[in-house]
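Participant: In the numbering used here, the protein residues as written are 4 to 535.
C-beta: ideal position from N, C-alpha, C; glycine also.
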Ligand code: TXA
Ligand code: MG
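(1) Closest to residue 415 by CA distance: which of 479, 434, 502 and 334 is it?
(2) Going by the C-beta, is residue 153 closer than 7 angstroms to any heavy atom of the ligand TXA?
(3) In whole angstroms, what separates the C-alpha of residue 508 from that of residue 474?
(4) Under the three-state reduction of DSSP, which class applies to residue 226: helix, strand or coil?
(5) Please report the distance separating the alpha-carbon of residue 108 from that of residue 119.
(6) When you measure from the CB of residue 100 to every non-hydrogen atom of the ligand TXA, does any distance come out below 7 angstroms?
(7) Fully enclosed by the stretch 402 to 482, which alpha helix (DSSP H) runs are 4 residues long or longer?
(8) Whole angstroms are fine: how far does the CA of residue 350 sit from the CA of residue 504?
(9) Spatial neighbours of residue 339 within its chain, please: CB distance less than 8 angstroms, with the 5 preceding and 5 following residues excluded, ordered by chain position.
(10) Determine the direct distance from the alpha carbon of residue 52 to that of residue 432, and round the result to whole angstroms.
(11) In three-state terms, what does DSSP make of residue 538?
(12) Here's the rule: buried if 16 or more other CB atoms are within 10 angstroms of the residue's CB, otherwise exposed. What is residue 34?
(13) Is residue 180 near the ligand MG - that is, is its Cβ less than 7 angstroms away from at least one heavy atom of it?
(14) Does the Cβ of residue 4 have 16 or more other Cβ atoms within 10 Å, making it buried, or fewer, making it exposed?
(15) Go ahead and label residue 100 buried or exposed: buried means 16 or more other beta carbons lie within 10 angstroms of its beta carbon, across all protein chains shown.
(16) Can you tell me where the alpha helix (DSSP H) with residue 249 in it begins and where it stops?
(17) From what residue to what residue does the alpha helix (DSSP H) around residue 111 run?
(18) Measure the C-alpha to C-alpha separation of residue 283 and residue 132 and round it to an integer number of angstroms.
(19) Are there three or more Cβ pairs, one per stretch, closer than 8 angstroms when the stretch 364 to 384 is compared with the stretch 518 to 526?
(20) Count the C-beta pairs between the stretch 43 to 60 and the stretch 21 to 30 that are closer than 8 angstroms, then say yes if the count reaches three, no if not.
(21) Based on Cα-Cα distance, which residue from 191, 470 and 36 lies nearest to residue 143?
(22) So what does residue 486 bridge to, in DSSP terms?
(23) For residue 531, does the three-state DSSP call read helix, strand or coil?
(24) Using only the heavy atoms of the ligand TXA, determine whether one of them is closer than 7 angstroms to the beta carbon of residue 62.
(25) Would you kindly check if the distance between the Cβ of residue 96 and the Cβ of residue 177 is under 8 angstroms?
(26) Give the range of the alpha helix (DSSP H) segment to which residue 332 is assigned.
(27) Report yes if the C-beta of residue 200 is less than 7 angstroms from at least one heavy atom of the ligand TXA; otherwise report no.
(28) Kindly indicate the opening and closing residues of the beta strand (DSSP E) around residue 345.
(29) What is the DSSP secondary structure of residue 337, counted as helix, strand or coil?
(30) Give the C-beta separation of residue 148 and residue 67 to the nearest angstrom, bearing in mind that I take them to be a contact with Cβ-Cβ under 8 angstroms.
(31) Would you check whether the ligand TXA has a heavy atom nearer than 7 angstroms to the C-beta of residue 80?
(32) In chain order, what residues of the same chain have a beta carbon less than 6 angstroms from the beta carbon of residue 470, not counting five sequence neighbours either side?
(33) Return yes when the C-beta of residue 121 is under 7 angstroms from any heavy atom of the ligand TXA, and no when it is not.
(34) Helix, strand or coil, according to DSSP, for residue 67 in the structure here?
(35) Going by the C-beta, is residue 229 closer than 7 angstroms to any heavy atom of the ligand HEM?
(36) Terminal residues of the continuous beta strand (DSSP E) containing residue 218?
Listed below in structure tokens is the structure:
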């Protein structure tokens, strides 16, 4: 079959309507996604939709109308609540299910005694319905199981050669399918969340029930009230994983477990933190943008050859419920809860080491980055080789060991040399930290603390959901340093001056532990835990 490619000018729309009138299949744009339309009252035409999509025949189709008067003949009776919803939300992304009349063929209703009807708002869809003079049954115009198409190109990808025509109406505005609500039962029941939210519906007609399948999987032998819920849906070829938690959790998880062919779907502005190829689906607090971009991005991932896609978990509030519902199904309900990392820092003498010890006893995995820094610069290590190429072979003693004092003298002589040192050593430290976290993932630790005095000088904050600083006034810190390291007040003072001030640490951190009198350190740690 040769698939005609039509534009949305008058002549092309008449052609589309002629095809539909004579029992053919035409993909049409709607404000939600592209639909694959046929005359809803012609069982023969409708069965071609199932064949073209490879859709299970028990999965009913939505019937599209362009005026309210077309609704009545399709259903047994229109109850008051249905009238209110239609009045408020049509034309628009809301499908209303009611007991069907006899003129709806079995093919259209998938054998059910009900039918879902919606009046789309897209001018091209409405025009085509008007011109063809019949209600149009139209599921999303994708091959069964794949993401719904939101541009004509994606319809062609799935349907070229299988249908009579595609009408190009540009990009769909909304991007995910309509809200589906059944008024065939009381209270009304939401089968599929979408552009019209639960809150909007309840404001119009009172309490509704949300079908459990909206947020949960349907097991094999279960018979959901809305047959579409039992099928795998919306999935690109790539395997989708939802990653719960913060951006930092996401960055850590993808850095720990990335493989060739991995890609990410994150919120806008986050791409720069993610080390695998990344698309964004709009801003974190804008579910409308997320809906618009979701299926489109899925299709892009396939075009890019992604094998696995890790997706930032969106909110499920309002329109977000529709986004979340599609994403859950695309991911076959796979959600990942990464290990959480916090930063633990503070100036010298603040008692950070003691806090580390206490956290270790509370079943946190505490990673001492100073020790790691020492370990990765052990004799013969690649880090030492790298340092030699920057600071000269003389930083090695005759026996090959690193002369740390000499190196410190050179590296801390200027800001530039200090940065050179960090550029060589930090990647090894980060790699070793990641190795340790991976080794301990799943061992039951409550979370990880990266104990790092110079945390803010490293790239580690990108993994830290929150940063905790241990704080103490200067007098207290000087006393502690003198006692601990047996040095003079003058030397202690120099060390303190060489660092960022306690105040700067506090300003940069999310949580402060007050490790000085009259505060009780155990209570302070408990207070911190509540703020994590
Ligand atoms: O936005 C949309 O609704 C798009 C555009 C093209 O209008 N259409 C669409 O159709 O998404 P489709 O077939 O891909 O999804 C219809 C969903 C299916 O999950 C189906 O099981 C459910 O609605 N459904 C349709 N009629 C039903 C009925 N009578 N009872 C229960 N569920 C029904
Ligand atoms: Mg569909």
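Facilitator: Taking the definition as stated:
(1) 502
(2) no
(3) 8 angstroms
(4) coil
(5) 13 angstroms
(6) yes
(7) 407 to 414 and 418 to 443
(8) 7 angstroms
(9) The residues are 244, 245, 246, 247, 256 and 313.
(10) 58 angstroms
(11) Past the edges of the chain, shown from 4 to 535, lies residue 538, and the structure says nothing about it.
(12) buried
(13) True, at least one ligand heavy atom lies under 7 angstroms from that Cβ.
(14) Burial call: exposed.
(15) buried
(16) Here residue 249 belongs to no alpha helix (DSSP H), and DSSP marks it neither H nor E.
(17) 109 to 112
(18) 35 angstroms
(19) With the cut-off at 8 angstroms, the stretch 364 to 384 and the stretch 518 to 526 do not touch.
(20) yes
(21) 36
(22) Per DSSP, none; premise fails for residue 486.
(23) helix
(24) yes
(25) yes
(26) 323 to 333
(27) no
(28) 344 to 348
(29) Residue state, collapsed to three classes: coil.
(30) That belief does not hold up - the Cβ atoms of residue 148 and residue 67 are roughly 22 angstroms apart, past 8 angstroms.
(31) no
(32) 346, 512 and 513
(33) yes
(34) strand
(35) Ligands in the displayed structure: the ligand TXA and the ligand MG; the ligand HEM is not one of them.
(36) Careful: residue 218 lies outside any beta strand (DSSP E) and carries neither H nor E.
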